[in-house]
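J.: So that we are looking at the same thing, I have put the structure below in structure tokens.
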Ligand SMILES: Cc1cc2nc3c(=O)[nH]c(=O)nc-3n(C[C@H](O)[C@H](O)[C@H](O)COP(=O)(O)O)c2cc1C
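Residue numbers (the working numbering): 5 to 238.
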């Protein structure tokens, strides 16, 4: 069912999003110091912009780790992305400073992000507040069961990220029957089913697409500019 009540199957979107012309893009790069520095540095190396993506996660019993690995797998579907996978215990503020796009995952703890993930943002990232604005970000969470608050935990992660000035997003696409990730990818315990696994992969893929479009100026990577079929509510 679609949101307006009509039964739909998979549909193909052909809408095109017009990006800036090349002169406009160069002008924007000149006025945006982060873009100018980032592109300048990377273009001299390889002549192709490389998006940088951090998958940062906490995990006590390994379930969120498995989700994080799938998110990173999804990132790699988009060419030209460099991905770092970091457990919150070993992560440094520099990892966040380094990235253009960030996926944050946590076990659902009382409907919220874990205390370790919260501490990372409270303490490790304290000095970076007002210095990391404008990066793209999303969330994922593993809970003990469906209805246990995994989407609430995603929202709590997104709230923290918004406080730091990140541009946070959800995903409209479905990944299987009755399965989507509007507020981030969620799983009950480990991501065992194909739907759960594909939700994690889709999150990473969409993060990489947004980085490609918005940071690297690759408008052909916009999901609405692709001819491949995207899954609608089913
Ligand atoms: C302190 C604590 C609080 C938890 N709170 C919730 C909760 O509110 N809802 C829920 O469904 N599961 C809750 N759980 C279960 C975990 O979210 C679940 O086992 C998850 O899969 C663990 O992920 P991990 O293997 O990455 O640590 C809690 C677990 C702990 C240790």
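Heads up, the beta-carbon is just placed ideally off N, CA and C, and yes, glycines get one too.
Within this structure, are the beta carbons of residue 86 and residue 54 separated by less than 8 Å?
T.: Taking a C-beta distance under 8 Å as the contact criterion, residue 86 and residue 54 qualify as a contact pair.
J.: Express the C-alpha separation of residue 157 and residue 196 in angstroms, rounding to a whole number.
T.: 20 Å
J.: Which residues share a DSSP beta bridge with residue 85?
T.: Paired residue(s): 55.
J.: Can you look up residue 227 in the DSSP assignment and give me helix, strand or coil?
T.: Helix.
J.: Jot down the residue ranges of each uninterrupted alpha helix (DSSP H) in the stretch 162-191, minimum 4 residues, whole runs only, in chain order.
T.: none
J.: Roughly how many angstroms separate the alpha carbons of residue 222 and residue 215, rounded to a whole number?
T.: 9 Å
J.: Do residue 109 and residue 61 have their beta-carbon atoms positioned less than 8 Å apart in this structure?
T.: yes
J.: What's the gap between the Cα of residue 177 and the Cα of residue 81?
T.: 16 Å
J.: Quick one: Cα of residue 98 to Cα of residue 124, how far?
T.: Each residue's alpha carbon lies about 12 Å from the other.
J.: Could you check what DSSP says for residue 238 in three-state terms: helix, strand or coil?
T.: Annotated three-state conformation of residue 238 is coil, per DSSP.
J.: In terms of residues, what are the limits of the alpha helix (DSSP H) holding residue 142?
T.: Careful: residue 142 lies outside any alpha helix (DSSP H), inside the beta strand (DSSP E) at 140-147.
J.: Measuring only the C-alpha atoms, how far is residue 187 from residue 153?
T.: 12 Å
J.: Does ligand 1 have even one heavy atom less than 7 Å from the beta-carbon of residue 114?
T.: yes
J.: Quick one: does the C-beta of residue 111 sit closer than 7 Å to a heavy atom of ligand 1?
T.: yes
J.: When DSSP labels each residue in this structure, what does residue 107 get in the three-state scheme?
T.: If DSSP states are grouped into helix, strand and coil, residue 107 belongs with the strands.
J.: According to the neighbour-count rule (16 or more other Cβ atoms, all chains shown, within 10 Å of its Cβ), is residue 155 buried or exposed?
T.: buried
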